[in-house]
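Before any comments, here is the structure.
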Amino acid sequence: MKKKFDFSAEMSEAESIKATPKNEYLEEEKRLLDINAKELASLNDNVHYMIANLVNLLEFLQEYKVAIAQQTKEEAEKFGQSVLDKFLYQIQDKCNETERKIRKADSYIFIPHTIFYILIITLVALSSFFASIIVANAEVLHSTVIWKPAIVCILMAALGIGITVAIQKFLYRGK
């Protein structure tokens, strides 16, 4: 038969451990370690909960970002298209107006008003010179009779051109 080991001596020795400051310190440290272990377990649960929430939040933000980007893109395209349509409409109006002016101007030669009046005065002066040459043709070409009407006609033309330019400047100054 096996011999039974008697634990009573060890038990009495264990009971005989007296409360010493070292033992109290160890028990306090053990109690604090248990509290720290419980707090660490709670902190670990909190960290796990926060990580799960952060992952969910990041997934939500990515979907939200895509939705915002798509909506913004659609609005920007609509705005750009409306601006381009307005610009195209304005260009088309200007082109149509220019085409009308070109068709209207095809049969006309543009001459400013001042040039037109100067041409009329010059034509009148040359006509009067031609008439005076016919009248003066009876005398010799080198006589003063032919040069007097030529000088008078040139002075009339210069005076007419001067008056025309002055009137034009006076009329356009009022606008």
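For the sequence shown, my numbering assigns the number 173 to the initial residue and increments by one for each residue that follows. A virtual CB, placed ideally from N, CA and C, is assigned to each residue, including glycine. No experiment lies behind these values; they were computed from the predicted model shown.
Nearest candidate by alpha-carbon position, reference residue i, set the options
{"i": "S300", "options": "Q234, I323, P284, H285", "result": "I323"}
{"i": "I335", "options": "E211, I287, L229, I318", "result": "I287"}
{"i": "P284", "options": "V337, H220, L260", "result": "V337"}
Environment of residue i [buried if 16+ CB atoms lie within 10 Å]
{"i": "C325", "result": "buried"}
{"i": "I293", "result": "buried"}
{"i": "A329", "result": "buried"}
{"i": "A224", "result": "exposed"}
{"i": "A297", "result": "buried"}
Residue i, enclosing alpha helix (DSSP H) - first and last residue
{"i": "P321", "result": "316-345"}
Nearest-angstrom beta carbon gap, residue j and residue i [assumed within contact, 8 Å]
{"i": "I333", "j": "I290", "result": "5 Å"}
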